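Colleague: According to mature numbering (1 follows the signal peptide of the UniProt record, and there is no 0), the stretch in the sequence shown is residues -33 to -1, 1 to 419, in order.
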Amino acid sequence: MARDYAARCPRSPGRNAWMVAAVIILAAQGGVAQKVRVEEELEAYPTESVDLRCEFVDGGSLTKLTQVSWIWEPVDGQRDNIAVYHPTYGQSFPNVAFKDRVIFLQNNLRIPSIRIKDLRMSDAGRYTCEYATYPSGNEQGTTTLIMLAKPKNSAKAVTVQAGSKSVMVAHCEAADGKPSATIKWLASVGGNHSTTSTNGPDGTVTVRSEYRLVPTAEDNGREVTCLVDQKTQDRPWTEVLKLSVEYPPTVTIDGYDHNWYVGRSDAVLFCHATANPEPTTITWTTASGSLPDTVVVEQNKLTVRKVDDAVNTTFTCEVKNKHGASRKTLTTFVIEEKREPVQEQQTGALVGGVLGTLIFIGIIIGIVFLIRKYQQDTEGPPKHKPPPPVKAGSSTEMMLDEEATDALNGGAPPVLNKDGSDGHHGNDSSNHGPLSGNIPRGESFVSTPMYV
């Protein structure tokens, strides 16, 4: 709508002139404001001193400085004169709260800087250096003073009793700090925290944080760390806390070796208890109530001077603290003869021998397997060529025939007939096939079967 209205109502030359004049006036006012030079913001701490600087930088021949005043504004709407300087009447400090704490650094109307000593947190606010001039009127510049305060940090663990409800187990506090601090927790235990802040009358802030969890006996002695971070600190402040969880005793009995034989001396049992706070009483009893005469008790230690049938019983150890009592029982058995314990060295030697035997057997099996594998790989068809055939009637053929005959007889000498012959029929062609000599070299042939 605004755009439509602007389009329907074009700006007039007179209106543009008024806008230009307004811009010039605002610029002139800004230029006047710059005549008083001050620092925009300062930070300081309680009990320290701070210098508020002011200087009139562009008086000119037409500007006459009448007096200068420092005006303090702790909150919006409240203005108090704390220092006035007049060239004729001198210095004045009308505010009682700043009396004897404010001084002019020099008697110079153009440089009326002041110093505030023994600062307080309540001194925070805006400080305006204001000139009364002629003919332009008042000229001023404002400095904001920010008061800082280092917090007073503390942390503490709270003693609690183990239970099933979430309770506060530690708290951390950063008191009277400005600006307000930030509190964090580092913990290996399961839990959570809550933080609250309280504003002080002097502008400081107190931050308090509580760490809560469901406490158990295992949480006793565990650590949580509080970290406080705040502007005035070079690094976060840390405090490590150990949780304190109280719980009734947990009891165990040890020392029984199952070798209480008749006549044994100084057999011992120990009663151990974990508790917070420490146990107040430890009591030994038996199933019959009283202890045998051969038994001596010293705190958590029970000693049987001489084992007999009287200690063939059940022992009970009861431990108490302010949160309750717990007990543990142990039944002992008396035997007639002493049991010789197995020597650790013999046991070790036995185990070592068994392992060595198994390793040796494994090596033998591996070697046999490799040998069989090698034999299987080397078996196969012969790799040499058979000898070439020879001519019939040659000495070579006779040697081959004799070798073949020996092979057929299993290596035994040839069998002779009654007439002294070797069972062959000489060169009778009826008993032989074609002579090998008639077969061309290089052709395959089948040897004539031999009859024995």
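Here a beta-carbon is modelled for each residue, glycine too, at the ideal position from N, C-alpha and C.
Given the structure is predicted, the values throughout are model-derived calculations rather than measurements.
Mapping DSSP to helix, strand and coil, what is residue 304?
Modeller: Of the three classes helix, strand and coil, the one that applies to residue 304 here is coil, per DSSP.
Colleague: Determine the DSSP secondary structure at residue 123, reduced to helix, strand or coil.
Modeller: strand
Colleague: Based on DSSP bridge pairs, tell me the residues matched to residue 225.
Modeller: Beta-bridge pairing by DSSP links residue 225 to no other residue.
Colleague: Under three-state DSSP, which class holds residue 276?
Modeller: helix
Colleague: For residue 285, tell me which candidate among 253, 301, 261, 300 has the shortest Cα-Cα distance.
Modeller: 253
Colleague: To the nearest angstrom, how far is the alpha carbon of residue 301 from that of residue 266?
Modeller: 24 Å
Colleague: Is the CB-CB distance between residue 208 and residue 292 below 7 Å?
Modeller: Cβ atoms of residue 208 and residue 292: not closer than 7 Å.
Colleague: Locate the beta strand (DSSP E) running through residue 18, then write down its first and last residues.
Modeller: 17 to 19
Colleague: Check the C-beta distance from residue 33 over to residue 101 and give it rounded, since I have them as a contact under 8 Å.
Modeller: 6 Å
Colleague: Within 10 angstroms of its Cβ, does residue 145 collect 16 or more other Cβ (buried), or is it exposed?
Modeller: buried
Colleague: By alpha-carbon positions, which one of 229, 274, 18, 219 ends up nearest to residue 251?
Modeller: 219
Colleague: Shortest alpha-carbon distance to residue 50 belongs to which of 97, 85, 31?
Modeller: 97
Colleague: Can you check whether the C-beta of residue 177 is within less than 7 Å of a C-beta belonging to chain D?
Modeller: Although the question refers to chain D, the structure presented lacks it and comprises just one protein chain.
Colleague: Do you know how far the Cα of residue 235 is from the Cα of residue 151?
Modeller: 51 Å
Colleague: Do residue 81 and residue 71 come within 7 Å of each other at the CB atom, strictly closer than that value?
Modeller: yes
Colleague: Helix, strand or coil for residue 161? Go by DSSP, reduced to three states.
Modeller: strand
Colleague: For residue 184, which three-state DSSP category applies?
Modeller: Helix, per DSSP.
Colleague: Does the separation of the CB atoms of residue 456 and residue 170 fall below 7 Å?
Modeller: This structure cannot settle anything about residue 456, because the visible part of the chain is limited to -33 through 419.
Colleague: Pick helix, strand or coil for residue 242, following the three-state DSSP scheme.
Modeller: strand
Colleague: CA-CA distance, residue 7 and residue 161?
Modeller: 38 Å
Colleague: Using a Cβ-Cβ cut-off of 8 Å (strictly less than) and excluding sequence neighbours within five positions of residue 225, which residues of its own chain qualify?
Modeller: 300, 306
Colleague: Tell me the rounded alpha-carbon separation between residue 37 and residue 103.
Modeller: One C-alpha to the other measures close to 19 Å.
Colleague: Please classify residue 94 as buried or exposed, where buried requires at least 16 other C-beta atoms within 10 Å of its C-beta.
Modeller: buried
Colleague: Between residue 3 and the rest of its own chain, which residues show a CB-CB distance below 7 Å, the 5 nearest in sequence each way excluded?
Modeller: 21, 23, 96, 98, 106, 107, 108
Colleague: Could you tell me the alpha carbon to alpha carbon distance between residue 187 and residue 17, rounded to whole angstroms?
Modeller: 50 Å
Colleague: For residue 277, which residues from the same chain have a beta carbon less than 7 Å from its beta carbon, with the 5 sequence-adjacent residues on both sides left out?
Modeller: 259, 261
Colleague: Over what stretch of residues does the beta strand (DSSP E) that includes residue 38 continue unbroken?
Modeller: 31 to 40
Colleague: Would you mind sorting residue 120 into buried or exposed? The rule is 16 or more other CB atoms within 10 Å of its CB.
Modeller: buried
Colleague: Please classify residue 249 as buried or exposed, where buried requires at least 16 neighbouring CB atoms within 10 angstroms.
Modeller: buried
Colleague: Distance, Cα to Cα, residue 368 vs residue 343?
Modeller: Residue placement at residue 368 is flagged as unreliable, the pLDDT there being 43, under the threshold of 50; a coordinate-derived value is accordingly withheld.
Colleague: Report all residues from its chain with a CB closer than 8 Å to the CB of residue 198; omit the five preceding and five following residues, and keep chain order.
Modeller: 115, 146
Colleague: Taking residue 57 as the reference, give the member of 39, 35, 41 with the closest Cα.
Modeller: Considering only alpha carbons, the answer is 35.
Colleague: Just mark residue 320 as buried or exposed, buried being the case when its beta carbon has 16 or more other beta carbons within 10 Å.
Modeller: exposed
Colleague: Taking 8 Å as the limit between beta carbons, can you name the residues of its chain near residue 92, skipping five residues before and five after?
Modeller: 39, 40, 41, 42, 111, 112
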